[in-house]
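For what it's worth, the UniProt record's numbering labels the leading residue of the sequence shown as 1, then goes sequentially.
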Amino acid sequence: MSISGILIATAIVGGVGLFIGLFLGGAAILFKVEVNEKEEAVLAQLPGNNCGGCGYPGCAGLAAAIASGKAPVNACPVGGAEVGKKVAEIMGVEAEEGERMVAFVACRGTRDKIKVDYDYVGLHDCRMLSFVPNGGAKSCNFGCLGYGSCVEVCPFDAIHIFNGVAQVDRQACKACGKCISVCPKNLIALIPYSAKYAAACSSGDKGPITMKDCRAGCIGCGICEKNCPSGAIKVENFNATIDQSKCTGCGICVEKCPKKVIVCCSGEQTQE
Numbered sequence: 001m002s003i004s005g006i007l008i009a010t011a012i013v014g015g016v017g018l019f020i021g022l023f024l025g026g027a028a029i030l031f032k033v034e035v036n037e038k039e040e041a042v043l044a045q046l047p048g049n050n051c052g053g054c055g056y057p058g059c060a061g062l063a064a065a066i067a068s069g070k071a072p073v074n075a076c077p078v079g080g081a082e083v084g085k086k087v088a089e090i091m092g093v094e095a096e097e098g099e100r101m102v103a104f105v106a107c108r109g110t111r112d113k114i115k116v117d118y119d120y121v122g123l124h125d126c127r128m129l130s131f132v133p134n135g136g137a138k139s140c141n142f143g144c145l146g147y148g149s150c151v152e153v154c155p156f157d158a159i160h161i162f163n164g165v166a167q168v169d170r171q172a173c174k175a176c177g178k179c180i181s182v183c184p185k186n187l188i189a190l191i192p193y194s195a196k197y198a199a200a201c202s203s204g205d206k207g208p209i210t211m212k213d214c215r216a217g218c219i220g221c222g223i224c225e226k227n228c229p230s231g232a233i234k235v236e237n238f239n240a241t242i243d244q245s246k247c248t249g250c251g252i253c254v255e256k257c258p259k260k261v262i263v264c265c266s267g268e269q270t271q272e
């Protein structure tokens, strides 16, 4: 190849490269996305778990919502008050005091207390048991199935199966809500970390049926409701529930409950 040919080829390659560079540079300016500095600063303070407990698609979604004023500065359940304060400083506002919440499993139907209708052999996934007879082998159709779908989805290793029932490690729980959404029996709810007592049963059966199926079930007798001095307990559909905003933690319901369904929240996690 002659020198002139080499020079021509070099010029062509150089020209093409220059054109592409100018094109990309122009496109970068034309399609430039403005970065919200507050959004980036908020995102840097969030824990990065992307659990969705805040109601937004990951930490980036929450950061964008906070920066645009669509979400409160303390919306991250994982970061808690500490992260809320840092985000508030970035946004130039005061962080409202939010009460820490934890998951609570309203069932104590352990293997030694529950009646079983048959031996189940299959996938250990609570969500799949809606396709088997009576929704599971346990006679109580409202109780914990004990196959750990909640355990699998918890990003904080805060829930485990003990003696056939899911129980929560209050210290590890970050109230992200993933266990709540995955439980097919709707047994899990968020309650204040400061709650003293909670009703650990979700049965909707009449007393005689519950007593036949589970020795740890609420029979709907109403003794707790009648004796609660603050009116915090209601018995509906043969099951007791506690309004934590009214409960004073006096413990009278615990003493009066004949089935010991109302339990102390601080001792929720037990070992098999």
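Idealized CB from N, CA, C, for every residue including glycine.
Contacting residues, own chain, Cβ-Cβ under 6 Å from residue i (five flanking each side not counted)
i       : result
Cys-247 : Ala-232
Gly-52  : none
Same chain only: Cβ atoms within 7 Å of residue i, ignoring 5 sequence neighbours per side
i       : result
Asp-125 : Tyr-147, Ser-149
Ala-60  : Leu-43
Status (buried if at least 16 other CB within 10 Å, exposed otherwise) for residue i
i       : result
Lys-185 : buried
Asp-213 : buried
Met-211 : exposed
Cys-107 : buried
Asp-117 : exposed
Asp-205 : buried
Leu-145 : buried
Ile-3   : exposed
Where residue i falls: helix, strand or coil (DSSP)
i       : result
Asn-239 : strand
Thr-270 : Low confidence applies here, because Thr-270 scores a pLDDT of 45, under 50, leaving its location unreliable and the question unanswered by this model.
Leu-129 : helix
Cys-214 : strand
Lys-234 : strand
Ala-195 : coil
Lys-226 : helix
Val-105 : strand
Val-16  : helix
Closest Cα partner of residue i within the set the options
i       : options                          : result
Glu-82  : Glu-96, Val-102, Cys-176         : Glu-96
Val-168 : Gly-109, Phe-104, Gly-92         : Phe-104
Arg-127 : Ala-106, Cys-179, Asn-237        : Cys-179
Ser-202 : Gly-25, Pro-192, Gly-14, Gly-217 : Gly-217
Gly-122 : Pro-133, Lys-115, Pro-77         : Pro-133
Val-254 : Asn-239, Cys-221, Ala-198        : Ala-198
Other residues of its chain near residue i: CB distance less than 8 Å, five sequence neighbours each side excluded
i       : result
Ala-189 : Ala-103, Phe-104, Ala-106, Ile-180
Distance cut-off 8 Å: residue i Cβ against heavy atoms of the ligand COA
i       : result
Val-165 : Annotation note on the ligand COA: not contained in the displayed structure, which lists no ligands.
### Task
Entirely within the UniProt domain "4Fe-4S ferredoxin-type" (240 to 267) and at least 4 residues each: give me those alpha helix (DSSP H) ranges in chain order.
Those alpha helix (DSSP H) runs which fall completely within the UniProt domain "4Fe-4S ferredoxin-type" (240 to 267) and span 4+ residues are 252 to 256.
### Query
Which runs of the alpha helix (DSSP H), 4 residues or longer, sit entirely within the UniProt domain "4Fe-4S" (34 to 93)?
Taken in chain order, the unbroken stretches of alpha helix (DSSP H) that lie wholly in the UniProt domain "4Fe-4S" (34 to 93) and span 4 residues or more are 37 to 45, 58 to 67, 80 to 91.
### beta strand (DSSP E) runs wholly inside the stretch 141 to 174, at least 3 long, in chain order
Whole beta strand (DSSP E) segments, 3+ residues: 159 to 162, 165 to 168.
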